[in-house]
Ligand code: TXA
Ligand code: MG
């Protein structure tokens, strides 16, 4: 794998060509790093699954540069999905829609739906625009981690996760830390009303504000959502909830909460937004330090705290 400084003139063009030629490109988005392939190239997409060791029935998100390109990949798009796309794209939101013929089984995991996102990160958007100018229609990209591991939020973490598994001609666009730090909100848009499949920075409150109505708590999506499996998003270090770590155990909590005696403070974010930004990064730190156990005090309340608690719950389930 070769590293390219994303801010260097020409890097984005080189990366777009590599994608068009069937290679893989790891690129930053505002949520987490993605591992991209041309969404129309079966061999390229299959390599993503191989590198990540991801089961092939776990569908990928197709990244596009603009709301105008939605209809390439999706059909029967409901009005509320257009409304959400207008309000939150480019941004940390993925819409699951009925797929078009273009969305092949190797991207959708044989489902009749396709997940689409317009990312807001300038490098991701620049890459998409350049790729489309070369005739590409979308970049299929999961988070750039091995299956079941934490999503990487910077280039160093991507190299550590996947560096040895990528080929010489695959690329990584090197940038600073991803600003949001947890994965996009995924919304099922195949029913009369939207349903949140995975919470993220586009919160329930924001969605309800945009649509002008409350989303139901009861409705359950009948879509298969592998990302909600209980074996996702986990560090090696055992994760616990609470503020009672023993000596030399890790501790992550808002800065207003003091470090218990003897514990190793891994992060002290000032608010929920920074908490999301530092969560995966500080859990990777726990792994590097070979800590046995880490204790987290999750932020309470609505907004992005819901997504933070969702990810932490999955880590707890994973270590049961
Ligand atoms: O923020 C993000 O969403 C990042 C960046 C790179 O865009 N991507 C990401 O991809 O988190 P991934 O593959 O790690 O998670 C995408 C989730 C998976 O859990 C997958 O099962 C779900 O989206 N998904 C994809 N297509 C779907 C579909 N057609 N129906 C239901 N779930 C789908
Ligand atoms: Mg992932």
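Residue numbers (this note's numbering): 16 to 335. Even glycine gets a Cβ: it sits at the ideal position worked out from N, Cα and C. A quick note: this is a predicted structure, and the numbers were derived from the prediction, not measured.
Pair within 8 Å by beta-carbon distance, residue i and residue j
i	j	result
residue 154	residue 28	no
residue 77	residue 131	yes
residue 265	residue 308	yes
residue 49	residue 156	yes
residue 319	residue 291	yes
residue 225	residue 17	no
residue 263	residue 275	no
residue 209	residue 201	no
residue 152	residue 117	yes
residue 325	residue 214	yes
residue 79	residue 143	yes
residue 136	residue 71	no
residue 297	residue 282	yes
residue 222	residue 46	no
residue 165	residue 295	yes
residue 96	residue 112	yes
residue 21	residue 121	no
Length of the line joining the Cα atoms of residue i and residue j
i	j	result
residue 271	residue 197	22 Å
residue 287	residue 299	19 Å
residue 408	residue 134	Past the edges of the chain, shown from 16 to 335, lies residue 408, and the structure says nothing about it.
residue 188	residue 61	21 Å
residue 41	residue 26	13 Å
residue 267	residue 323	12 Å
residue 228	residue 87	29 Å
residue 145	residue 256	44 Å
residue 138	residue 128	27 Å
residue 67	residue 163	9 Å
residue 193	residue 150	28 Å
residue 205	residue 147	27 Å
residue 252	residue 161	16 Å
residue 312	residue 171	27 Å
residue 254	residue 141	37 Å
residue 94	residue 321	26 Å
residue 106	residue 305	35 Å
residue 35	residue 92	28 Å
residue 301	residue 73	28 Å
Identified DSSP bridge partners for residue i
i	result
residue 304	Looking at the DSSP assignment, residue 304 forms no beta bridge with any residue, so it has no partner.
residue 131	77, 110
residue 317	The partner list for residue 317 (beta bridge, DSSP) is empty, contrary to what the question assumes.
residue 280	266
residue 26	Partner(s): none; residue 26 has no beta bridge.
residue 86	The partner list for residue 86 (beta bridge, DSSP) is empty, contrary to what the question assumes.
residue 20	189
residue 311	256, 267
residue 154	53, 78
residue 118	Partner(s): none; residue 118 has no beta bridge.
residue 249	164
Residues of its chain near residue i, where Cβ-Cβ distance is below 8 Å and the 5 sequence neighbours each way are ignored
i	result
residue 285	269, 270
residue 114	88, 89, 90, 123, 126, 127, 128, 129
residue 186	16, 17, 18, 19, 29, 30, 33, 38, 39, 40, 41
residue 84	147, 152, 153
residue 230	208, 209, 210, 211, 219, 222, 223
residue 183	16, 17
Beta-carbon proximity list for residue i, same chain, < 7 Å, skipping 5 on both sides
i	result
residue 159	41, 48, 49, 50, 167, 173, 176, 177
residue 303	none
residue 280	266, 274
residue 104	82, 133
is_contact[residue i, chain D] using C-beta, thresh 8 Å
i	result
residue 43	In the displayed structure, chain D is absent; only one protein chain is listed.
Cβ shell of residue i (< 6 Å), same chain only, five flanking positions each side left out
i	result
residue 180	66
residue 100	82
residue 108	199, 200, 217
Review point. What residue ranges within the segment 92 to 116 form continuous beta strand (DSSP E) runs of no fewer than 3 residues, ordered along the chain?
Key: 108 to 114
Check your understanding: What beta strand (DSSP E) runs, 3 residues minimum, are completely inside the segment 193 to 226?
Key -> 200 to 203, 210 to 213
Exercise for review: May I have a chain-ordered list of the alpha helix (DSSP H) segments no shorter than 4 residues that lie completely inside the segment 33 to 71?
Suggested key: 57 to 67
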